[in-house]
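Participant:
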Ligand SMILES: Nc1ncnc2c1ncn2[C@@H]1O[C@H](COP(=O)(O)OP(=O)(O)OP(=O)(O)O)[C@@H](O)[C@H]1O
Ligand SMILES: [Mg+2]
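Chains as they are written, first to last, in this note's numbering: chain A, 531 to 812; chain B, 751 to 1020.
1. What number of angstroms, rounded off, separates the C-alpha of residue 709 of chain A from the C-alpha of residue 727 of chain A?
2. Let me know the secondary structure DSSP gives residue 707 of chain A once reduced to three states.
3. Please determine if the region 922-931 of chain B and the region 889-908 of chain B are in contact, where contact requires at least 3 C-beta pairs separated by less than 8 Å.
4. Considering only their Cβ atoms, is the gap separating residue 853 of chain B from residue 844 of chain B smaller than 7 Å?
5. Consult DSSP for residue 814 of chain B and reduce its assignment to one of helix, strand or coil.
6. Along the chain, where does the beta strand (DSSP E) that runs through residue 743 of chain B open and close?
7. Using the C-alpha atoms, what's the distance from residue 857 of chain B back to residue 875 of chain B?
8. At a cut-off of 6 Å, would you count residue 803 of chain B as near ligand 1, judging by its Cβ distance to the nearest heavy atom?
9. Alpha carbon to alpha carbon, how far is residue 974 of chain B from residue 787 of chain B?
10. Which ranges does the beta strand (DSSP E) cover as unbroken runs of at least 3 residues, wholly within the region 835-906 of chain B, from first to last along the chain?
11. Rounded to a whole number of angstroms, what is the C-alpha to C-alpha distance between residue 869 of chain B and residue 783 of chain A?
12. Pick from A:673, A:699, A:670 and A:770: whose alpha carbon is nearest that of residue 637 of chain A?
13. I want to verify the contact list: residues of chain A whose CB lies under 7 Å from the CB of residue 846 of chain B, in sequence order.
14. May I ask you to check if the CB of residue 768 of chain B is nearer than 6 Å to at least one heavy atom of ligand 1?
15. Whole angstroms is fine: what's the gap from residue 805 of chain B's alpha carbon to residue 915 of chain B's?
16. With 9 Å as the C-beta to C-beta threshold (strictly closer), list the residues of the region 697-719 of chain A near chain B in chain order.
17. Please list, in chain order, the chain C residues whose beta carbon lies closer than 7 Å to that of residue 841 of chain B.
18. Residue 834 of chain B and residue 823 of chain B - do their beta-carbons sit closer together than 7 Å?
19. Going by DSSP in three states, residue 796 of chain A sits in which element: helix, strand or coil?
20. At a CB-CB cut-off below 7 Å, which residues of chain B make contact with residue 729 of chain A?
21. Looking at residue 715 of chain A and residue 877 of chain B, is the spacing between their C-beta atoms short of 7 Å?
22. Comparing alpha-carbon positions, which option in A:705, A:740, A:712 and A:800 lies nearest residue 830 of chain B?
23. What does the Cβ neighbour count give for residue 775 of chain B, buried or exposed, with the cut at 16 atoms within 10 Å?
24. Just the chain A side, please: which residues come within less than 9 Å of residue 917 of chain B by C-beta, in chain order?
25. Using the rule of at least 16 other Cβ atoms within 10 Å of the residue's Cβ for burial, across every protein chain shown, is residue 758 of chain B buried or exposed?
26. Pairing CB atoms from the region 776-791 of chain A with CB atoms from the region 600-612 of chain A, are three or more of them under 8 Å?
27. Residues of chain A with a CB under 9 Å from the CB of residue 833 of chain B: which are they?
28. CA-CA distance, residue 792 of chain A and residue 734 of chain A?
29. With a threshold of 6 Å, establish whether the CB of residue 779 of chain B neighbours any heavy atom of ligand 1.
Put into structure tokens, the structure is as follows:
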């Protein structure tokens, strides 16, 4: 304790070390453990699947098998029939999900920021959010016909609510302390919104986009099961009706891969926006 | 204490009644409070918990409206936050999505008078001043509690306020860091030549830092007593063990005890 009195200066004024600390050397396995474990478990699963079919323990009509799926896929890509399906589904997704973002985010910001706007729209949002979107399908088909417009509408309806609701929550849940700090610096309402409410709601907004993405993919499949003539959902439904399990699997895998790829993309964007967050994922 | 120097803060017969919207009860928090602070002075406010210290500081900053009386800073009546005052909050309240530099430059950005390059330059100067050279691009979560509190102070100082308001800025720090920060604050304020009004619960912190210690009475708060601290400037932590310092400490403690007893908070102990 006696030391303190003489060294009245602050030992707290640390300088950041000029060269980065040496990172302990880790083996290839340690650095890539998660990735490697995932690959191994997936490979084992595929081998197991192939073998149970090859030994005739299960009927490939029900389960298909990795080799059958690959050969079905190469046929479909070779004769070009798959591209149309992919193009139609991608179109529905892009327009529906895009509209959901373009409408959901600004509307969510308005509803989160202006309590009057919220009071007017809240009952509609709650009612629609609580309604299973599939229940609206017959209505949408009556209004928009069986063409692509109804599919886009279903994708849109699936995606827009998670995006909307998350954005509202994000804008609403600004910490009171931050508002007080901003006010003490003489912030106007507009500045408060731009410098505090908006940045602090970004994590919510991105979570909404991620949730909306999943719902949009569901929307594609569900929408195309009714009165469609093309698309991956249509492919899955028709192949299923004809017991072409291999083709069903191809459709499922394509949609799943698109979902995984886009979720990863969103994660990258999230990381870009959340550099300021402490890294809790070890 | 320095009648010759001009008044920075002049609060006269300040009264404030909070109205609790939920219970619909009015609560008289401040009642006929007079306080003068001269230019360059550091005045500390102590008083029992809940007596209205934070409320008073908020009123001086213009964050809450007083019910009657008048608060003037440099002769101008306070009615809203302004660039002549800056507030250092108890919790550091740094914006986690902004780097140290962006946090420190925040007030300048809101003010909108300086171009970005100038703002950054000013911010860099104050980051240096509080001893955080090299940490400008760090995010708050990458700093220790003491470092964050320095950023918090720099964020207020960068506005070059006429009057700096600090509400228990060191309350969340460990005892050691806190003592070092006290020494640092004195140095920083001397360098920046800022007048300051400082709230604390720690009596030895109050005496160590201040030119004057103001003891608030229990709610509704008035000023119970003002104690001039006749310790020399350029203080080091060793002064806390000198007999005169200890005497002052006892005196202030007794005053607060009396007030706390009045609210029934520590009847037996007194
Ligand atoms: N927004 C508010 N609405 C109603 N009453 C309030 C409000 N803010 C504070 N009060 C009341 O005013 C009184 C004084 O509060 P204040 O925060 O100023 O006390 P304090 O002296 O800073 O206490 P502490 O030392 O514990 O920080 C308290 O009794 C509190 O309940
Ligand atoms: Mg307080």
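No residue lacks a Cβ here, since even glycine has one placed at the ideal position from N, Cα and C. Fair warning: this is a prediction, and the values are worked out from it, not measured in the lab.
Facilitator: Looking at the coordinates:
1. Just so you know, the alpha carbons of residue 709 of chain A and residue 727 of chain A end up roughly 9 Å apart.
2. helix
3. yes
4. In this structure, residue 844 of chain B lies near residue 853 of chain B, with their beta-carbon atoms less than 7 Å apart.
5. coil
6. Absent from the structure is residue 743 of chain B, since the part of chain B shown begins at 751 and ends at 1020.
7. 15 Å
8. yes
9. 16 Å
10. 835-838
11. 53 Å
12. A:699
13. 806
14. yes
15. Between the alpha carbons of residue 805 of chain B and residue 915 of chain B lies a distance of about 12 Å.
16. 705, 707, 708, 710, 711, 712, 713, 714, 715, 716, 717 and 718
17. Of the protein chains in the structure, A and B, none is chain C.
18. A contact, by the Cβ cut-off of 7 Å.
19. helix
20. Those are 847, listed as they occur along chain B.
21. no
22. A:712
23. Counting of Cβ neighbours within 10 angstroms places residue 775 of chain B among the exposed residues, the total staying below 16.
24. Listed along chain A is no residue with a C-beta nearer than 9 Å to that of residue 917 of chain B; the closest approach is about 11 Å.
25. buried
26. yes
27. Within chain A, the residues placing a beta-carbon under 9 Å from that of residue 833 of chain B are 715 and 716, ordered along the chain.
28. 18 Å
29. yes
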